[in-house]
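Everything below concerns the one structure shown next.
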Amino acid sequence: MSTAPPSPSSTTTTAGPTAGPAAPVGRAPVPARRAAVTATADAGMATAEYAIATLAACGFAGLLLAILAGDQVRGLLLGIVQRALGSV
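Going by our numbering, the sequence shown opens with residue 11, and the numbers climb by one from there.
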């Protein structure tokens with residue numbers, strides 16, 4: 011199996027401060043291809059992430075409400091507030 015060197019028509023060079031081999035003819039440069047793949051692969055992901063975060067926040071709020079609604083916790087919180095106001 012032999013590998014032939016690239017033909018001069020498949021790559022070009024440009025003049026200027028960024029001179030060097032350009033992308034092969036017919037293909038977009040790597041960053042452009044990567045951006046195109048990334049843009050289509052993550053379509054709708056933000057919405058799903060927001061939905062999951064919202065559900066988690068609602069579940070956590072419900073758990074806190076259930077804990078804080080208990081008489082024992084309410085008494086502890088009332089004692090803390092009364093001590094804080096009594097020392098002012």
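In this text, a Cβ means the ideal position worked out from N, Cα and C, and glycines have one as well.
Contact with chain C by residue i, beta-carbon distance below 9 Å
{"i": "V91", "result": "Protein chains in the displayed structure number just one, and chain C is not present."}
Straight-line gap, residue i to residue j (C-alpha atoms, nearest Å)
{"i": "L87", "j": "T57", "result": "38 Å"}
{"i": "I77", "j": "F70", "result": "11 Å"}
{"i": "G89", "j": "V83", "result": "10 Å"}
{"i": "V91", "j": "P41", "result": "59 Å"}
{"i": "I62", "j": "G72", "result": "15 Å"}
{"i": "C68", "j": "A94", "result": "30 Å"}
{"i": "S97", "j": "L75", "result": "28 Å"}
{"i": "L65", "j": "E59", "result": "10 Å"}
{"i": "A79", "j": "G85", "result": "10 Å"}
Could you give the uninterrupted runs of the beta strand (DSSP E) lying entirely in the region 53-88, keeping only those of 3 residues or more? none
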